[in-house]
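Chemist: Dumping the structure here so I can ask a few things about it.
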Amino acid sequence: MNAQLQISEEELTYWTLLKEGEQSGLRFFYEKYVDDLFSFGMGIAKCEHQVKDAIQEVFLDLWKYRNKINSSVLVKAYLYKCLANKLFKLAKVDKKNKSVHSDYMEDWELLVESSESKLINIQIESHLKEKLVKAIESLPDRQKAVINCLFFEDFSYEETSQIMNINLRSTYTLAWKAVGSLKKYLS
Amino acid sequence: MSKANYTVEDFVLDPEFRKWIFKNNPEAKAYWESYLQKHPEKVQEIELARKILIHLPHEKKKISEEAKDSLWESISQGIDQESREQTDTKVVNLDSWSAIKQYEQEQSKKSRIAWKRKVAAVLILVASVGYFLTKSVRTAQEDTVEMVAEIEVHQAPPGVKSTITLEDGSKVFLNSGSKISYTKGFTDSLRLLQLEGEGYFEVAHDKSRPFVVQTGSISTTALGTSFNISSFPGDSVSISLVTGVVLVKNGDVEETLMPGEGIIASTQDSGWKKERFDVEQVLSWMNKTLIFKNTPFDRASLKLENWFGVDIVFENLVPNDLMVSGKFKDESLENILKGLSYSSRFEYELKGKQVYIHFKP
Chain A
0 MNAQLQISEE ELTYWTLLKE GEQSGLRFFY EKYVDDLFSF GMGIAKCEHQ
50 VKDAIQEVFL DLWKYRNKIN SSVLVKAYLY KCLANKLFKL AKVDKKNKSV
100 HSDYMEDWEL LVESSESKLI NIQIESHLKE KLVKAIESLP DRQKAVINCL
150 FFEDFSYEET SQIMNINLRS TYTLAWKAVG SLKKYLS
Chain G
0 MSKANYTVED FVLDPEFRKW IFKNNPEAKA YWESYLQKHP EKVQEIELAR
50 KILIHLPHEK KKISEEAKDS LWESISQGID QESREQTDTK VVNLDSWSAI
100 KQYEQEQSKK SRIAWKRKVA AVLILVASVG YFLTKSVRTA QEDTVEMVAE
150 IEVHQAPPGV KSTITLEDGS KVFLNSGSKI SYTKGFTDSL RLLQLEGEGY
200 FEVAHDKSRP FVVQTGSIST TALGTSFNIS SFPGDSVSIS LVTGVVLVKN
250 GDVEETLMPG EGIIASTQDS GWKKERFDVE QVLSWMNKTL IFKNTPFDRA
300 SLKLENWFGV DIVFENLVPN DLMVSGKFKD ESLENILKGL SYSSRFEYEL
350 KGKQVYIHFK P
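So the sequence lines, in the order shown, correspond to chains A and G.
Numbering that gives the first Met the number 0 puts the first residue of the first sequence at 0, with every later residue one more than the last.
Numbering that gives the first Met the number 0 puts the first residue of the second sequence at 0, with every later residue one more than the last.
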């Protein structure tokens, strides 16, 4: 099991607070995960307002159902799952007006940061990266979300399948299709 | 599944492969190097898989600090709103006996109360519409007015005491035969309640919204305190402060009370007197204790009527200046009557909800 995903002592403390109805408990998880959730959400929805609204709902749900959620649940995975659910539902609703939401993007910066930076002495092939940006951009929402989970959020296949609310095989299939499209862009 | 038939996709999606590419993990390295030896035909696929992986762009969309803060604000507000809805006022009966009594009362009163509530709501609605209409004459522009004012009414019928937690967290203990009413949700600037009868208030602290209890023309204003108000019809209004500070107002006259101080106001005129009170005696009703201390007999019998939800009928004249004293903790009506009958020289008869009292000559 992925070490970073085990429940830390700290999380457990705040989880207990949250269950007792202390807002500070919820605040802790908000501060800890809102950046990641926002980034993850933007990967699916693109519209900042939608993502923010969905994040708000996710935390309100967490508050509302705090007593019904099993203590052993991974809060991070739970939050991702709820967010993904809400955004996919929204996407279904406004499939008709599928527009580029760039009008709404006011104040977020775009940081293109590749995993490459972790490696030293590697030649930068910027054209490759550009191609991949476009390739990822063109992926269907669900494929994009799977790629996000697996490659950027370091979730396992099992966790990803839970977040996406689909079975393992479908998770793998989605990922496989996504990588297939990326491959086409490069070759 | 054998990795011999791996495609580019499979390599990319293989966590072990990623360990080799990104972390140069020794085990993974050994495995994939030997794999390459065994399957030299896979070199191109591996090469492409590696390219995809290391160039995979991670667009990290950042949320601004302001947006983060304001988002939390809305979450926090959502929670407050939700919890307000949840702590919806409920009446808790002090004991099962009173619950049964209340049930009996309710059966007979239900239709009347419902009718009264409707009338109250309509009256308030009319009043507020009227108020806003007159107001809008002056400021015709700025009125997007919420007209819906729902009036919440809680009452403890005679014979029943109840505890109510208001939506702001304040607690009200209602004595038998008492009633409070207020606009649901209060307002942004005021927590205003009407009281008939007797109640003990433990006010939740909220500087921005004073807590005001109205009893006829007298209003008692508090921020976060506990106090008792008794204002039964036909009796004088008495306000007793237990903790904190309250401001009592009747028209232009006002008085600030400190703990231990009380006010007794006559309902006939606007006069009142300030005095120290006996906490035990004033709050005794909350401990199910009835205390009479040189209490005129007619007042004592009013108290008994409310307390037990009975009617007391005097078969002959109540002797002038008849005072009663006594302390009865959680006693039955029968026992109290028995106790009083010796000192006050009367005979009594209990018939259902009627008590007949006959004074001895």
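Just so it is clear, CB atoms sit at the ideal spot from N, CA and C, and this is done for glycine as well.
Fair warning: this is a prediction, and the values are worked out from it, not measured in the lab.
For leucine 17 of chain A, which residues in the same chain have their Cβ closer than 6 Å to its Cβ, ignoring the five residues on either side in sequence?
Modeler: Looking up residue 17 of chain A in the first sequence gives position 18. Around leucine 17 of chain A: Gly24, Leu25 and Arg65.
Chemist: Which residues in the same chain as tryptophan 62 of chain A place their Cβ atom closer than 7 Å to its Cβ, once the five residues preceding and following it in sequence are excluded?
Modeler: Position 63 of the first sequence holds residue 62 of chain A. If we look at tryptophan 62 of chain A and ignore the five residues flanking it on each side, its Cβ neighbours are Leu25.
Chemist: Could you tell me how far apart the beta carbons of valine 244 of chain G and threonine 255 of chain G are, in whole angstroms, since I believe they sit closer than 8 Å?
Modeler: As a first step, residue 244 of chain G is located in the second sequence; it is residue number 245 there, counting from the start. As a first step, residue 255 of chain G is located in the second sequence; it is residue number 256 there, counting from the start. About 6 Å separates the Cβ atoms of valine 244 of chain G and threonine 255 of chain G, confirming a contact at the 8 Å cut-off.
Chemist: Look up methionine 41 of chain A in the DSSP assignment and give the residues it is bridged to.
Modeler: Against the first sequence, residue 41 of chain A aligns to sequence position 42. None; methionine 41 of chain A has no bridge partner.
Chemist: Shorter than 8 Å from the beta carbon of alanine 53 of chain A to some beta carbon of chain G?
Modeler: For the purposes of this step, residue 53 of chain A is taken as the residue at position 54 of the first sequence. Chain G, which has no Cβ nearer than 8 Å to the Cβ of alanine 53 of chain A, makes this no.
Chemist: If you measure from the beta carbon of tryptophan 175 of chain A to each beta carbon in chain G, is any gap under 8 Å?
Modeler: Position 176 of the first sequence, counted from the start, is the residue given in the question as residue 175 of chain A. Judged by the 8 Å Cβ criterion, tryptophan 175 of chain A is in contact with chain G.
Chemist: Answer yes or no: do glutamine 190 of chain A and serine 207 of chain G have a C-beta to C-beta separation smaller than 8 Å?
Modeler: With chain A represented from 0 up to 186, any question about residue 190 of chain A goes unanswered, as that position is not in the structure.
Chemist: Using a cut-off of 8 Å between C-beta atoms, extract the partners of glycine 24 of chain A located in chain G.
Modeler: In the first sequence, residue 24 of chain A corresponds to position 25, counting from 1. The contacting residues do not exist; glycine 24 of chain A stays about 11 Å from chain G at best.
Chemist: I want to know whether the segment 312-327 of chain G touches the segment 171-191 of chain G - three or more CB-CB distances under 8 Å.
Modeler: Not touching, per the Cβ criterion.
Chemist: Going along chain A in order, which residues have a C-beta closer than 9 Å to the C-beta of valine 247 of chain G?
Modeler: One-based indexing of the second sequence puts residue 247 of chain G at position 248. Result: empty, since nearest Cβ-Cβ is about 36 Å, beyond 9 Å.
Chemist: Since I believe leucine 246 of chain G is in contact with threonine 214 of chain G (beta carbons under 8 Å), could you give me their beta-carbon distance rounded to a whole number of angstroms?
Modeler: As a first step, residue 214 of chain G must be located in the second sequence, where it is residue number 215. As a first step, residue 246 of chain G must be located in the second sequence, where it is residue number 247. Wrong, their Cβ atoms sit about 14 Å apart, outside the cutoff.
Chemist: I need the straight-line Cα distance from proline 25 of chain G to tryptophan 19 of chain G, nearest angstrom please.
Modeler: Residue numbering aside, residue 25 of chain G sits at position 26 when the second sequence is read from its first letter. Residue numbering aside, residue 19 of chain G sits at position 20 when the second sequence is read from its first letter. Computed Cα separation, rounded: 8 Å.
Chemist: Just to confirm my understanding: we take phenylalanine 291 of chain G, look at its own chain, exclude 5 residues before and 5 after, and list those with CB closer than 7 Å. What are they?
Modeler: Counted from its first residue, the second sequence places residue 291 of chain G at position 292. Here the set comprises Ala299, Val323, Ser324 and Gly325.
Chemist: Going by DSSP in three states, histidine 38 of chain G sits in which element: helix, strand or coil?
Modeler: On the second sequence, residue 38 of chain G is found 39 positions in, with the first residue counted as 1. Coil at histidine 38 of chain G, not helix or strand.
Chemist: Would you identify the three-state DSSP class for glutamate 8 of chain A, choosing helix, strand or coil?
Modeler: What you label residue 8 of chain A is simply residue 9 of the first sequence in a count that begins at 1. Glutamate 8 of chain A falls in the helix class under three-state DSSP.
Chemist: Quick check on the DSSP output: what are the complete beta strand (DSSP E) runs of length 3 or more inside the segment 183-253 of chain G, in order along the chain?
Modeler: 190-201, 210-214, 217-221, 225-230, 236-242 and 245-249
Chemist: I need the straight-line Cα distance from arginine 275 of chain G to isoleucine 238 of chain G, nearest angstrom please.
Modeler: Indexing the second sequence from 1 puts residue 275 of chain G at position 276. Indexing the second sequence from 1 puts residue 238 of chain G at position 239. C-alpha separation (whole angstroms): 11 Å.
Chemist: Is the beta carbon of phenylalanine 39 of chain A sitting closer than 8 Å to the one on tyrosine 77 of chain A?
Modeler: Within the first sequence, numbered from 1, the residue matching residue 39 of chain A stands at position 40. Within the first sequence, numbered from 1, the residue matching residue 77 of chain A stands at position 78. Cβ atoms of phenylalanine 39 of chain A and tyrosine 77 of chain A: not closer than 8 Å.
Chemist: Between the Cα of serine 225 of chain G and the Cα atoms of G/Lys67, G/Val236, G/Val211 and G/Ser216, which residue gives the shortest distance?
Modeler: As a first step, residue 225 of chain G must be located in the second sequence, where it is residue number 226. It is G/Val211.
Chemist: Beta carbons nearer than 7 Å to chain G: which residues of the segment 128-147 of chain A have them?
Modeler: Lys128, Leu131, Val132 and Ile135
Chemist: Does the beta-carbon of valine 42 of chain G have 16 or more other beta-carbons within 10 angstroms, so that it is buried, or is it exposed?
Modeler: Stepping through the second sequence from its first residue, residue 42 of chain G is reached at position 43. Classification for valine 42 of chain G: exposed.
Chemist: Can you name the residues of chain G whose CB is closer than 8 Å to the CB of methionine 163 of chain A?
Modeler: Reading the first sequence from its first residue, position 164 is the one you call residue 163 of chain A. The contacting residues do not exist; methionine 163 of chain A stays about 15 Å from chain G at best.
Chemist: Using a C-beta to C-beta distance shorter than 7 Å, which residues of chain A count as neighbours of serine 73 of chain G?
Modeler: Along the second sequence, read from residue 1 onward, the residue named residue 73 of chain G stands at position 74. Correct list: Gln55.
Chemist: If I measure Cβ to Cβ from cysteine 81 of chain A and keep anything under 7 Å in the same chain, skipping five residues before and after, which residues do I get?
Modeler: The residue labelled residue 81 of chain A in the question sits at position 82 within the first sequence. The beta carbon of cysteine 81 of chain A sits closer than 7 Å to the beta carbons of Val57 and Asp60 from its chain, once the five residues preceding and following it are set aside; these are given in chain order.
Chemist: So, helix, strand or coil for serine 177 of chain G, using DSSP?
Modeler: Residue mapping note: residue 177 of chain G aligns to position 178 of the second sequence, counting from 1. Serine 177 of chain G falls in the strand class under three-state DSSP.
Chemist: Which value, in whole angstroms, describes the spacing of the CA atoms of glutamate 317 of chain G and glycine 196 of chain G?
Modeler: Sequence index remark: in the second sequence, residue 317 of chain G carries index 318 (1-based). Sequence index remark: in the second sequence, residue 196 of chain G carries index 197 (1-based). The displayed chain sequence assigns valine, not glutamate, to residue 317 of chain G. Computed Cα separation, rounded: 24 Å.
Chemist: For glycine 325 of chain G, which three-state DSSP category applies?
Modeler: As a working mapping, residue 325 of chain G is identified with position 326 in the second sequence. Three-state result, glycine 325 of chain G: strand.
Chemist: Name the two residues that bound the continuous alpha helix (DSSP H) containing valine 11 of chain G.
Modeler: Residue numbering aside, residue 11 of chain G sits at position 12 when the second sequence is read from its first letter. Per DSSP, valine 11 of chain G belongs to the alpha helix (DSSP H) from 7-12.
Chemist: According to DSSP, is serine 277 of chain G helix, strand or coil?
Modeler: Residue numbering aside, residue 277 of chain G sits at position 278 when the second sequence is read from its first letter. The amino acid at residue 277 of chain G is misidentified as serine; the sequence shows aspartate. Three-state DSSP puts aspartate 277 of chain G in coil, outside helix and strand.
Chemist: Under the rule that 16 or more other beta-carbon atoms within 10 Å means buried, what is histidine 126 of chain A, buried or exposed?
Modeler: For the purposes of this step, residue 126 of chain A is identified with residue 127 of the first sequence, where counting begins at 1. That one is exposed.
Chemist: Would the beta-carbon of aspartate 34 of chain A fall within 8 Å of that of isoleucine 62 of chain G?
Modeler: For the purposes of this step, residue 34 of chain A is identified with residue 35 of the first sequence, where counting begins at 1. For the purposes of this step, residue 62 of chain G is identified with residue 63 of the second sequence, where counting begins at 1. Taking 8 Å as the Cβ cut-off, aspartate 34 of chain A and isoleucine 62 of chain G qualify as a contacting pair.
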